[in-house]
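When the letters of the sequence shown are read in order and numbered with mature numbering (1 follows the signal peptide of the UniProt record, and there is no 0), they come out as residues -25 to -1, 1 to 297.
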Amino acid sequence: MLTKKTLKAATLGMALVGVAMGANAGEAADYPSKPIQFLVAAGAGGGTDNFARVVRPMFEEAVGGARITVVNLPSASGALAHQRTANGAPDGHTLDFASTTLVTSLAAGQNPIGLDQLTPIARMQSDVMALFVNPERYPDFESFLEYARENPGKVTVGGTHTASPDHVAFLSLRDASGLEMNFIPYDSTGNATANVLGGNIDATTTSLSPLLSYIEAGQMAPILIFSEERLDHYPDVPTTVEQGWDLTDGNDRAIFVHADTPAPIIQRLESAFKEVYDSEEYQSYAERVNLTYREGWMGSEEYRQRLENNYTLYSRLLQNGN
């Protein structure tokens, strides 16, 4: 039975909630109220870094002007960027630009920041993974496959650090193919690529967009695409599904904020990034770097569900070794 005292307390509680919601809505209307930091959980020159730097001027325009600083924090699989975001002010002025590495490193126990400490604003890219080689060494996948079968345990494949999307792609390929191969971790896509070109390793597993300039120069070539169907730009390159391997997961790139960021600010940010995503300028960039093979956009709630599902998947895979 509700007493007058209970009703009075309930009314007061509702009033306080209303005041808080009004304050939060006001904060969203005033956003941004100070300089913004884009924390990139990766090194310079890779796909996530390129993503943040391309988006920066478009986002500035979408939020009506802002002073934005891009800071690369590749240490510990990008965990430093996640820690700074989770430990900072929950006001939407610290944005964490991260790839699938966020959830793969979490599944591997390397990332102390869980999905309860960060809130996704949106996913904007789902890059296709591929196996890349120096075409002077391996002209096609058949030649790579033949060498790997004839030399078990001698093939080395590089990528960005352990428990990264590159590493997970390698693990899934090794498990599906039965090939005896070893993974060599590097601190950046650029270093892994340099070691392929220098003949120190046989190949690298990474996404398409960061290596586009190397592909166009004829220095690197994708010889196996992690996809169901062949890609229009690479019609002669076979896919994993053609080989009978159901390996099609890509490398997502998304934006996160502190988990306690007020809902109106999250909505404001999601709308701003959707405006960026839908712009002709962004879509032209995405097409130019082969990011239109898969739909990139996922809103906050939909992407949160994907992250939770992928965490379960990657945990299983990473338990089987490195």
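The C-beta atom is built at its ideal place from N, Cα and C for all residues, glycine as well.
Roughly how many whole angstroms lie between the Cα atoms of residue i and residue j?
{"i": "Gln218", "j": "Pro197", "result": "15 Å"}
{"i": "Leu222", "j": "Glu283", "result": "19 Å"}
{"i": "Thr135", "j": "Asp24", "result": "13 Å"}
{"i": "Glu203", "j": "Pro210", "result": "13 Å"}
{"i": "Leu14", "j": "Asp150", "result": "34 Å"}
{"i": "Glu117", "j": "Arg42", "result": "50 Å"}
{"i": "Thr267", "j": "Leu206", "result": "11 Å"}
{"i": "Met33", "j": "Glu121", "result": "47 Å"}
{"i": "Gln294", "j": "Gly40", "result": "46 Å"}
{"i": "Met(-5)", "j": "Ala229", "result": "Confidence at Met(-5) is low in this model, with a pLDDT of 45, below 50, so the placement of that residue should be treated as unreliable; the coordinate-derived value is given next. Their backbone Cα atoms lie some 27 Å apart in a straight line."}
{"i": "Arg31", "j": "His142", "result": "28 Å"}
{"i": "Tyr114", "j": "Val212", "result": "First, the residue type needs correcting, since residue 114 is Pro and not Tyr in the sequence shown. Rounded to the nearest angstrom, the two C-alpha atoms are 11 Å apart."}
{"i": "Tyr278", "j": "Lys249", "result": "14 Å"}
{"i": "Ser152", "j": "Gly128", "result": "13 Å"}
{"i": "Tyr252", "j": "Pro140", "result": "23 Å"}
{"i": "Tyr257", "j": "His208", "result": "19 Å"}
{"i": "Asn62", "j": "Pro87", "result": "12 Å"}
{"i": "Pro160", "j": "Val132", "result": "9 Å"}
{"i": "Ala123", "j": "Val130", "result": "6 Å"}
{"i": "Ser259", "j": "Gln92", "result": "34 Å"}
{"i": "Pro10", "j": "His57", "result": "19 Å"}
{"i": "Asp227", "j": "Asp71", "result": "13 Å"}
{"i": "Glu111", "j": "Thr168", "result": "14 Å"}
{"i": "Gly271", "j": "Asn265", "result": "11 Å"}
{"i": "Gly53", "j": "Ser74", "result": "9 Å"}
{"i": "Ile240", "j": "Arg291", "result": "35 Å"}
{"i": "Ala261", "j": "Gly84", "result": "32 Å"}
{"i": "Asn170", "j": "Met99", "result": "30 Å"}
{"i": "Ser188", "j": "Gly174", "result": "19 Å"}
{"i": "Leu172", "j": "Phe119", "result": "15 Å"}
Which whole-angstrom value is the C-beta distance of residue i and residue j, which I expect to be below 8 Å?
{"i": "Gly20", "j": "Thr164", "result": "7 Å"}
{"i": "Pro65", "j": "Thr236", "result": "5 Å"}
{"i": "Ala17", "j": "Pro49", "result": "5 Å"}
{"i": "Val38", "j": "Ala238", "result": "No, Val38 and Ala238 are not in contact; Cβ-Cβ is about 17 Å, not under 8 Å."}
{"i": "Ala82", "j": "Tyr286", "result": "6 Å"}
If you reduce the DSSP assignment to three classes, tell me which class residue i lands in.
{"i": "Met195", "result": "coil"}
{"i": "Asp24", "result": "helix"}
{"i": "Leu293", "result": "helix"}
{"i": "Gln218", "result": "helix"}
{"i": "His68", "result": "coil"}
{"i": "Gln100", "result": "strand"}
{"i": "Gly134", "result": "strand"}
{"i": "Ser202", "result": "coil"}
{"i": "Ala105", "result": "strand"}
{"i": "Met(-5)", "result": "In this prediction, Met(-5) has a pLDDT of 45, which is less than 50 and means its spatial position is unreliable; what the coordinates show is noted afterwards. It is helical."}
{"i": "Ile190", "result": "helix"}
{"i": "Thr75", "result": "coil"}
{"i": "Leu146", "result": "helix"}
{"i": "Asp115", "result": "coil"}
{"i": "Arg228", "result": "strand"}
{"i": "Leu14", "result": "strand"}
{"i": "Gly274", "result": "strand"}
{"i": "Tyr122", "result": "helix"}
{"i": "Ala(-11)", "result": "Caution applies to Ala(-11), whose pLDDT of 39 falls short of 50 and renders its modelled position unreliable; the value that the coordinates give is listed next. Of the three classes helix, strand and coil, the one that applies to Ala(-11) here is helix, per DSSP."}
{"i": "Ala37", "result": "helix"}
{"i": "Ile88", "result": "coil"}
{"i": "residue 308", "result": "The first residue shown for the chain is -25 and the last is 297, placing residue 308 beyond what the model contains."}
{"i": "Ala54", "result": "helix"}
Nearest to residue i by alpha carbon, out of the options?
{"i": "Leu288", "options": "Ala27, Ala17, Ala144", "result": "Ala144"}
{"i": "Thr69", "options": "Val212, Ala167, Asn47", "result": "Asn47"}
{"i": "Gln194", "options": "Leu186, Gln280, Phe201", "result": "Leu186"}
{"i": "Leu55", "options": "Pro10, Val130, Val171, Ser80", "result": "Ser80"}
{"i": "Glu245", "options": "Gly274, Asn265, Asp227", "result": "Gly274"}
{"i": "Ile200", "options": "Ala238, Tyr161, Leu148, Asp162", "result": "Leu148"}
{"i": "Asn126", "options": "Gly174, His208, Asn157", "result": "Asn157"}
{"i": "Leu146", "options": "Asp91, Asn109, Asp224, Pro110", "result": "Asp224"}
{"i": "Ile190", "options": "Val78, Ile241, Asn109, Glu262", "result": "Asn109"}
{"i": "Asp5", "options": "Gly18, Gly67, Ser52", "result": "Gly67"}
{"i": "Pro7", "options": "Arg243, Asp71, Ile176", "result": "Arg243"}
{"i": "Arg281", "options": "Pro95, Asn265, Glu35", "result": "Pro95"}
{"i": "Gln12", "options": "Ala3, Ala27, Gly22", "result": "Ala27"}
{"i": "Leu90", "options": "Glu35, Met99, Leu77", "result": "Leu77"}
{"i": "Val232", "options": "Arg59, Tyr286, Val45", "result": "Arg59"}
{"i": "Trp220", "options": "Asn170, Leu154, Ser184", "result": "Leu154"}
{"i": "Arg263", "options": "Ala82, Tyr286, Ser184", "result": "Ser184"}
Task: the stretch 100 to 119 / the stretch 180 to 200 touching (three or more Cβ pairs under 8 Å) - done: Put simply, the stretch 100 to 119 touches the stretch 180 to 200. At least three CB pairs are less than 8 Å apart.
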